[in-house]
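Only one structure is covered here, and it is reproduced in the block below.
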Amino acid sequence: MMKSVEKVCFQSDRLILLMSVAACVFMMASPALGQTTEILRPREFPFMGNRVAVWVVAQLHILFAAFILGAPIFVVISEWLGMKHGDPRYDRLAKEVTKVTAILYSMTALTGGFFVLVLVAGYPQLTAWLFNHFFPIMAIAYPLLFIAETLVLYLYWYSWDALQGDKKGRHLAIGVLLNLIGITTLFVIDAPTAFMNTPVRATEELGMSLRAYVETTATFWDKVNNFSWMPMNFHRLVGNITFGGFIAGLIAAYMYMFSKTEEEKAYYDWMGFVGNFIGIGALLFLPLMGYVYGSEFYDYDASIGPYMMADQLSMFFEMQGGMVSLIFLASAYYIWLSLKRIDIPDYSTKVSRNIIAGILSAFLPGLGQFYNRQWAAGAGFLIGQAAVLGSVLYVSSLHLEEGLGLLLLLFLFPIGIQIAGSAHAVKHAREGEPTRNLLTLPVRLFAQVLLGLEGLALRRREAVIKVAFFILLLGSAIWVTPHAFVGAVSALTDETAESLSLPAEWDFLALMPAKNTAASLMVLTILLSFILYTRAIRRGRIQWGKIDFSSQFALIFLAFSAIWTMGLMGVVRSSLRKYFHVYDLVPDLSPNSFTPTLADSSVLITILTVIFFGIVSLAIWLALGMTKNKVKG
Amino acid sequence: MNKEKTWWQIIRLKLLVSTIMSASLWVGSGQLGFPLIFQAMFAGYVFFGFIVFVLLDAPPLKAFSGWKAGTAILGFYLVCSALYITAGTFLPQFSSETEMEGIDRKTVKYREDPAVTESLRHRSRELSEKADEILARLEQLKASGEKLDIESVEVAGFSPKLPPSRDVSGLDIVERGKLVYKDHECYNCHKIGGKGGKKRGPELDNMGNLATAEQLKKKIFEPTAWYAEGYEKRKKDKMPDKFPDVMSEEELEALVAYLMTLKNPAVKTPKPVFPSGS
Ligand code: HEC
Ligand code: HEM
Numbered sequence: 000m001m002k003s004v005e006k007v008c009f010q011s012d013r014l015i016l017l018m019s020v021a022a023c024v025f026m027m028a029s030p031a032l033g034q035t036t037e038i039l040r041p042r043e044f045p046f047m048g049n050r051v052a053v054w055v056v057a058q059l060h061i062l063f064a065a066f067i068l069g070a071p072i073f074v075v076i077s078e079w080l081g082m083k084h085g086d087p088r089y090d091r092l093a094k095e096v097t098k099v100t101a102i103l104y105s106m107t108a109l110t111g112g113f114f115v116l117v118l119v120a121g122y123p124q125l126t127a128w129l130f131n132h133f134f135p136i137m138a139i140a141y142p143l144l145f146i147a148e149t150l151v152l153y154l155y156w157y158s159w160d161a162l163q164g165d166k167k168g169r170h171l172a173i174g175v176l177l178n179l180i181g182i183t184t185l186f187v188i189d190a191p192t193a194f195m196n197t198p199v200r201a202t203e204e205l206g207m208s209l210r211a212y213v214e215t216t217a218t219f220w221d222k223v224n225n226f227s228w229m230p231m232n233f234h235r236l237v238g239n240i241t242f243g244g245f246i247a248g249l250i251a252a253y254m255y256m257f258s259k260t261e262e263e264k265a266y267y268d269w270m271g272f273v274g275n276f277i278g279i280g281a282l283l284f285l286p287l288m289g290y291v292y293g294s295e296f297y298d299y300d301a302s303i304g305p306y307m308m309a310d311q312l313s314m315f316f317e318m319q320g321g322m323v324s325l326i327f328l329a330s331a332y333y334i335w336l337s338l339k340r341i342d343i344p345d346y347s348t349k350v351s352r353n354i355i356a357g358i359l360s361a362f363l364p365g366l367g368q369f370y371n372r373q374w375a376a377g378a379g380f381l382i383g384q385a386a387v388l389g390s391v392l393y394v395s396s397l398h399l400e401e402g403l404g405l406l407l408l409l410f411l412f413p414i415g416i417q418i419a420g421s422a423h424a425v426k427h428a429r430e431g432e433p434t435r436n437l438l439t440l441p442v443r444l445f446a447q448v449l450l451g452l453e454g455l456a457l458r459r460r461e462a463v464i465k466v467a468f469f470i471l472l473l474g475s476a477i478w479v480t481p482h483a484f485v486g487a488v489s490a491l492t493d494e495t496a497e498s499l500s501l502p503a504e505w506d507f508l509a510l511m512p513a514k515n516t517a518a519s520l521m522v523l524t525i526l527l528s529f530i531l532y533t534r535a536i537r538r539g540r541i542q543w544g545k546i547d548f549s550s551q552f553a554l555i556f557l558a559f560s561a562i563w564t565m566g567l568m569g570v571v572r573s574s575l576r577k578y579f580h581v582y583d584l585v586p587d588l589s590p591n592s593f594t595p596t597l598a599d600s601s602v603l604i605t606i607l608t609v610i611f612f613g614i615v616s617l618a619i620w621l622a623l624g625m626t627k628n629k630v631k632g
Numbered sequence: 000m001n002k003e004k005t006w007w008q009i010i011r012l013k014l015l016v017s018t019i020m021s022a023s024l025w026v027g028s029g030q031l032g033f034p035l036i037f038q039a040m041f042a043g044y045v046f047f048g049f050i051v052f053v054l055l056d057a058p059p060l061k062a063f064s065g066w067k068a069g070t071a072i073l074g075f076y077l078v079c080s081a082l083y084i085t086a087g088t089f090l091p092q093f094s095s096e097t098e099m100e101g102i103d104r105k106t107v108k109y110r111e112d113p114a115v116t117e118s119l120r121h122r123s124r125e126l127s128e129k130a131d132e133i134l135a136r137l138e139q140l141k142a143s144g145e146k147l148d149i150e151s152v153e154v155a156g157f158s159p160k161l162p163p164s165r166d167v168s169g170l171d172i173v174e175r176g177k178l179v180y181k182d183h184e185c186y187n188c189h190k191i192g193g194k195g196g197k198k199r200g201p202e203l204d205n206m207g208n209l210a211t212a213e214q215l216k217k218k219i220f221e222p223t224a225w226y227a228e229g230y231e232k233r234k235k236d237k238m239p240d241k242f243p244d245v246m247s248e249e250e251l252e253a254l255v256a257y258l259m260t261l262k263n264p265a266v267k268t269p270k271p272v273f274p275s276g277s
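Chains as they are written, first to last, in numbering that gives the first Met the number 0: chain A, 0 to 632; chain B, 0 to 277.
Below is the structure:
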């Protein structure tokens, strides 16, 4: 019964080994090619040309790589939760996602091999040049890392059943190791990629040209540790977790739709909830990280900022704004449908009259909790506040006005955290001694306000979520308002400028402070809805398996749109290099050096997303659908 | 179980509210001087909001499974794909043609680069070898009496489309300078004649009266050499320092010749401030 699946897995094992060997050979051979550039001339790929060829393989490779990187993070967290709560559903979820990962692993290796092939055939000189500069990565670290990753993934997978019970800790350790290797792989390969966007420049004192510096003086580490490397690492890492979560949601949606029994439905409904939860949880960090990423580009070269936001790439960002808005709305929609099926027994708490006193005490709860010996809660609170404060200060140091949007977060975030801890604090305070009682009065008042608000919010939860939707719509409207409806500034003529641009006094709608405020508002709204949602789950009884069927389409939509957005941002990152392969350093002298239009890009991104979905759907069916049918039938 | 609402019951109030909202946004934004396209966009937002709110109150979807679910999923992907392609296509596009012209002008510098020239020379040598080969084959074929369609003979492994470098030698130096200004996107941060980017760098309309050609050259290739008055301390608003890496002497020469013609004292171009001691 399980035979056929085992066979598939076995075949993919062999495929992976084969591909890894092949890839290693390429990796080893390619730097050597550097010495023989003379005999290398580029080949032209039929039908699509070199640029599209490299675009297709690179994008597919990154999608699969992102999945096999993001999914294990998700899987290990899930496995750990299962161990902690003693809930077998988490373990099952982790195992199912790993099964799909194992199949897609071979696709990563396969597309990676093709990627190098296309690079060597289509861009031999550039490839040789890059491989020479990043020799320790390309020839040593990267191949070793993905061989190690292959081995550890199989260890992880095949030891699953053996390492149960009190040996579970060991299995988790293997999972953590797997993730360490995966994340290192990401960081390592990001170095050349980021370098192509922001090759390291000499300091002003050295006064060297970019070319002279890179070719003669810059050390390997200088080249690795370039401007956009770290922000890219973190942006991709968090992006990959989002991606892993949404794909888990996709798996759940498929399986839910094809489930025959109520039990199965209940389980996959729950899995969709968890996938969505992790996906959105990570997504909330992306706007801020994207902003830091963008700022780093701006720091590297001040002309990149306007090029992205106001000139040639502005409509790409228009599209991105639209996509992100849709993603936020779809996740709120899922929360909404989820809330609808929660039974909350009559629950009411008086809204405290001392709202002002409560709000004034907003700054004391952290200390109050220390006093109450709630060490963990107090520390957590303070750390949370410090983190928010830190990020606000960081951003404010970039641009004063832009800090303002985040300032809102500073005030509201602690309140959000407090909602979680408040009930506990109140209980504790009530039981405490009189003096202690007096000292924690502000905490109690504050907690009471929150409890009152919470009760109110829970009772009127539908209204609250509708308000949240209104804010989300408003936020996205600001986000997608462009400074002008034009593809590039150079295309604006005297006649069209007026009829296509915002009026001068409304220009601020298109500037960063407005966008940041809108984005923060949306993040915050989702955060608060989520808190409300989790509180509702805790108060009430959730009816797993009874969710509105259209929620499954919300899950599918989230996965599809998130992946489409990744493709779009890939085009943006590559297009930032303008007519260079390596920005300002290695020019692209081919007829393909222009920026692909948004229309052309959308078509190709869609095709790639659909191909990816086709393969992922097949993998899900192979890993989960087939076994189930066989076992049940 | 409460009775399910009919679609009309779900829609009617929302329809009323959104009609009023979009109408007032349309009129209001028109009054405030927004161009038509923005008025349409605002009304469009409201329409989108209407759909979202209808979706929120829509009656639950009946579960389905099997081939019906499969078809529904496929159809859903189709709709999403169509939606994104349409959005990407209907947003304004730039012209790759125009961009390519600029790129051709800007890459002249690299085509003169010894390393690049070397590889081009190498290519042309190979090309002539290929040509010899083909001629030899033609001779052979002629000898064997076969017909041959010359057009279909492909030179393997070669992209015959090495881009032409646009000829700018015929241009007047100031006209050439204007092109350089455009090619290197100075307009994203500077204004001339009221046109150009917002609030980043100073308006340059009176530059010719304030600095010498030598000083301007210095500024563009070494932005920290001196600053526009009032910008010395503004850390975030700065000139890029990449121009020596991407601009040729010929371009710089022309660009500065153009900047020197800008002599409009009516515009407050900040004057240069040189570091003390120089
Ligand atoms: C990323 C934005 C940006 C770009 C692109 C840019 N500049 Fe600037 N430029 C500035 C800023 C900001 C200042 C003021 C600070 C300073 O003097 O360095 C400035 C100052 C100047 C000044 C001195 C102005 C004065 O009043 O003294 C000149 C001249 C100048 N730029 C020319 C150019 C030219 C020519 C280009 C195109 C090759 C260009 N800039 C591209 C931002 C930019
Ligand atoms: C099978 C294990 C592999 C893993 C785990 C892996 C992982 C990754 C990851 C995580 C990224 C960054 C993508 C992102 O997150 O956006 C990446 C990029 C890349 N990979 Fe792999 N990869 C594998 C195999 C290969 C192979 C076999 C090759 C070629 C021989 C290859 C070549 C590349 C290249 C060139 C990039 C850079 C792409 C860019 O420009 O962004 N990879 N890989």
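Don't be surprised by glycine CBs; every beta carbon is placed ideally from N, CA and C. Nothing here was measured: the structure is a model prediction, and the numbers come from that model.
- prompt: Can you name the start and end residues of the beta strand (DSSP E) that phenylalanine 63 of chain B belongs to?
  reply: Counting from 1 along the second sequence, the entry for residue 63 of chain B is found at position 64. Looking at the DSSP string, phenylalanine 63 of chain B is not in any beta strand (DSSP E), and its letter there is neither H nor E.
query: Skipping 5 residues on each side, what residues in its chain have a beta carbon closer than 8 Å to that of valine 585 of chain A?
result: As a position in the first sequence, residue 585 of chain A is number 586, starting the count at 1. So the list reads Leu125, Trp128 and Phe579, once near-sequence residues are dropped.
- request: For lysine 160 of chain B, decide whether its Cβ has a neighbour in chain A, counting only Cβ atoms nearer than 8 Å.
  value: To locate residue 160 of chain B, count along the second sequence from 1; it is residue 161. Because lysine 160 of chain B sits at a pLDDT of 39, beneath the cut-off of 50, its placement in the model cannot be relied upon, and the following sentence gives the value as read from the coordinates. Interface residue, yes.
Best match in A/Trp228, A/Leu527, A/Gly48 and A/Gly164 for proximity to tryptophan 79 of chain A [C-alpha to C-alpha]: For this step, residue 79 of chain A is matched to residue 80 along the first sequence. Nearest C-alpha to tryptophan 79 of chain A: A/Gly164.
- request: Check the Cβ-Cβ distances between serine 23 of chain B and every residue of chain A, and say whether any is below 8 Å.
  value: Here residue 23 of chain B refers to the residue found at position 24 when the second sequence is read from its first residue. No, no contact with chain A.
Candidates B/Gly193, B/Gln92 and B/Tyr76, of which the one nearest phenylalanine 559 of chain A by Cα: Here residue 559 of chain A is taken as the residue at index 560 of the first sequence, counted from 1. For phenylalanine 559 of chain A, the nearest C-alpha among the options comes from B/Tyr76.
query: DSSP beta-bridge partners for phenylalanine 579 of chain A?
result: Counting from 1 along the first sequence, the entry for residue 579 of chain A is found at position 580. BP columns for phenylalanine 579 of chain A point to A/Pro586.
query: Of all the CB atoms in chain B, is at least one closer than 8 Å to the CB of lysine 465 of chain A?
result: Your numbering for residue 465 of chain A matches position 466 in the first sequence. Yes, contact with chain B.
- request: Measure how close the beta-carbons of serine 498 of chain A and proline 34 of chain B come, nearest whole angstrom, since I'm counting them as under 8 Å.
  value: Here the question's residue 498 of chain A lines up with position 499 in the first sequence. Here the question's residue 34 of chain B lines up with position 35 in the second sequence. At roughly 5 Å, the Cβ-Cβ gap stays under 8 Å, so serine 498 of chain A and proline 34 of chain B are in contact.
query: CA-CA distance, alanine 490 of chain A and alanine 190 of chain A?
result: Taking the first sequence and counting its residues from 1, one reaches residue 490 of chain A at position 491. Taking the first sequence and counting its residues from 1, one reaches residue 190 of chain A at position 191. So the two alpha carbons sit approximately 35 Å from each other.
task: Given a cut-off of 8 Å, decide if alanine 503 of chain A and proline 481 of chain A are closer than it, judged by their beta-carbon atoms.
output: As a working note, residue 481 of chain A is residue 482 in the first sequence. As a working note, residue 503 of chain A is residue 504 in the first sequence. No, they are not a contact pair.
- prompt: Are there 16 or more other CB atoms within 10 angstroms of the CB of glycine 321 of chain A, so buried, or fewer, so exposed?
  reply: Taking the first residue of the first sequence as position 1, residue 321 of chain A is located at position 322. With 16 or more Cβ atoms within 10 Å of its Cβ, glycine 321 of chain A is classed as buried.
query: Is DSSP giving alanine 57 of chain B helix, strand or coil here?
result: Taking the second sequence and counting its residues from 1, the one referred to as residue 57 of chain B is at position 58. The answer is coil: DSSP assigns alanine 57 of chain B none of H, G, I, E or B.
query: The alpha helix (DSSP H) with glycine 48 of chain A in it runs from where to where?
result: The residue you call residue 48 of chain A lines up with position 49 of the first sequence. Note, glycine 48 of chain A: alpha helix (DSSP H), 48-84.
- prompt: Does the ligand HEC have even one heavy atom less than 7 Å from the beta-carbon of asparagine 187 of chain B?
  reply: What you label residue 187 of chain B is simply residue 188 of the second sequence in a count that begins at 1. Yes; taking the cut-off as 7 Å, the Cβ of asparagine 187 of chain B has a heavy atom of the ligand HEC nearer than that.
task: Give me the Cα-Cα distance between tryptophan 6 of chain B and tyrosine 299 of chain A, rounded to the nearest whole angstrom.
output: Position 7 of the second sequence holds residue 6 of chain B. Position 300 of the first sequence holds residue 299 of chain A. Near 55 Å, if we compare the C-alpha coordinates of tyrosine 299 of chain A and tryptophan 6 of chain B.
- prompt: Is isoleucine 418 of chain A buried or exposed, if buried means 16 or more other CB atoms sit within 10 Å of its CB?
  reply: Here residue 418 of chain A refers to the residue found at position 419 of the first sequence. Here the model assigns isoleucine 418 of chain A a pLDDT of 44, short of 50, so the residue's position is not dependable and the matter cannot be decided.
- prompt: Any heavy atom of the ligand HEC closer than 7 Å to the Cβ of lysine 232 of chain B?
  reply: As a first step, residue 232 of chain B must be located in the second sequence, where it is residue number 233. Outside the cutoff, so no.
message: Residues in the same chain with beta-carbon distance under 8 Å from isoleucine 188 of chain A, minus the five sequence neighbours each way, listed in chain order, please.
response: Residue mapping note: residue 188 of chain A aligns to position 189 of the first sequence, counting from 1. Closer than 8 Å at Cβ, skipping near neighbours: Ile136 and Tyr141.
- request: Keeping to the same chain, check which residues put their C-beta closer than 7 Å to that of valine 56 of chain A; ignore five residues upstream and five downstream.
  value: On the first sequence, position 57 is the one that residue 56 of chain A refers to. Thr110, Phe113, Phe114 and Val117, listed in sequence order.
task: Measure from the alpha carbon of alanine 86 of chain B to the alpha carbon of each residue in A/Thr605, A/Asp310, A/Phe612 and A/Gly48, then state which is nearest.
output: As a working note, residue 86 of chain B is residue 87 in the second sequence. When only C-alpha atoms are compared, the closest one is A/Thr605.
- request: Report yes or no: do the stretch 518-538 of chain A and the stretch 41-49 of chain B share at least 3 C-beta pairs separated by less than 8 Å?
  value: no
task: Please confirm if proline 586 of chain A has its CB atom under 8 Å from at least one CB of chain B.
output: Translated into positions along the first sequence, residue 586 of chain A becomes position 587. For proline 586 of chain A, the answer is yes, since a Cβ of chain B falls inside 8 Å of its Cβ.
field: Alpha carbon of glutamate 252 of chain B to alpha carbon of valine 571 of chain A, nearest angstrom
entry: Numbered from its first residue, the second sequence carries residue 252 of chain B at position 253. Numbered from its first residue, the first sequence carries residue 571 of chain A at position 572. Computed Cα separation, rounded: 33 Å.
message: Is there a C-beta anywhere in chain A that falls below 8 Å from the one on glutamate 252 of chain B?
response: Within the second sequence, the letter at position 253 stands for residue 252 of chain B. By this cut-off, glutamate 252 of chain B is not an interface position.
- request: At 4 residues or longer, and completely inside the stretch 510-538 of chain A: list those alpha helix (DSSP H) runs for me, N to C.
  value: 511-538
message: Run through chain B and tell me which residues come within less than 8 Å of tyrosine 532 of chain A, C-beta to C-beta.
response: Within the first sequence, residue 532 of chain A is the residue found at index 533, counting from 1. Going along chain B, no residue has its Cβ under 8 Å from tyrosine 532 of chain A, so there is no contact; the nearest lies around 15 Å.
task: Determine the direct distance from the alpha carbon of asparagine 205 of chain B to that of tryptophan 228 of chain A, and round the result to whole angstroms.
output: Counting from 1 along the first sequence, the entry for residue 228 of chain A is found at position 229. Counting from 1 along the second sequence, the entry for residue 205 of chain B is found at position 206. Distance between the alpha carbons of tryptophan 228 of chain A and asparagine 205 of chain B: 41 Å.
query: So is glycine 474 of chain A in contact with chain B if we call contact Cβ pairs under 8 Å?
result: The residue given as residue 474 of chain A occupies position 475 in the first sequence. It does not: the Cβ of glycine 474 of chain A has no partner Cβ on chain B nearer than 8 Å.
field: Enclosing alpha helix (DSSP H) for methionine 565 of chain A [first to last residue]
entry: On the first sequence, residue 565 of chain A is found 566 positions in, with the first residue counted as 1. From DSSP, the alpha helix (DSSP H) with methionine 565 of chain A extends over 549-574.
message: At a CB distance below 7 Å, what residues from the stretch 482-496 of chain A approach chain B? Give them in sequence order.
response: Phe484, Val485, Gly486, Ala487, Val488, Ser489 and Ala490
message: Taking the alpha carbon of isoleucine 470 of chain A as the reference point, which residue from A/Glu461, A/Met565 and A/Met521 has its own alpha carbon closest?
response: For this step, residue 470 of chain A is matched to residue 471 along the first sequence. Selected option, being the one with the closest Cα: A/Met521.
task: Below 7 Å CB to CB, which residues in the same chain sit around phenylalanine 63 of chain A once its five sequence neighbours on both sides are set aside?
output: Taking the first residue of the first sequence as 1, we reach residue 63 of chain A at position 64. Only Leu103, Met106, Thr107 and Thr110 meet the Cβ criterion.
query: Can leucine 185 of chain A and leucine 68 of chain A be called in contact, C-beta distance under 8 Å?
result: As a first step, residue 185 of chain A is located in the first sequence; it is residue number 186 there, counting from the start. As a first step, residue 68 of chain A is located in the first sequence; it is residue number 69 there, counting from the start. The answer is yes: Cβ separation under 8 Å.
field: Delimiting residues of the alpha helix (DSSP H) encompassing serine 500 of chain A
entry: Start at 1 with the first residue of the first sequence, and residue 500 of chain A comes out as number 501. Element bounds for serine 500 of chain A: n/a, residue is neither H nor E.
query: Near leucine 607 of chain A, which residues of its chain fall below 7 Å by C-beta distance, leaving aside the five closest residues on each side in sequence?
result: As a working mapping, residue 607 of chain A is identified with position 608 in the first sequence. Hits under 7 Å: Val55, Gln58, Leu59 and Gly566.
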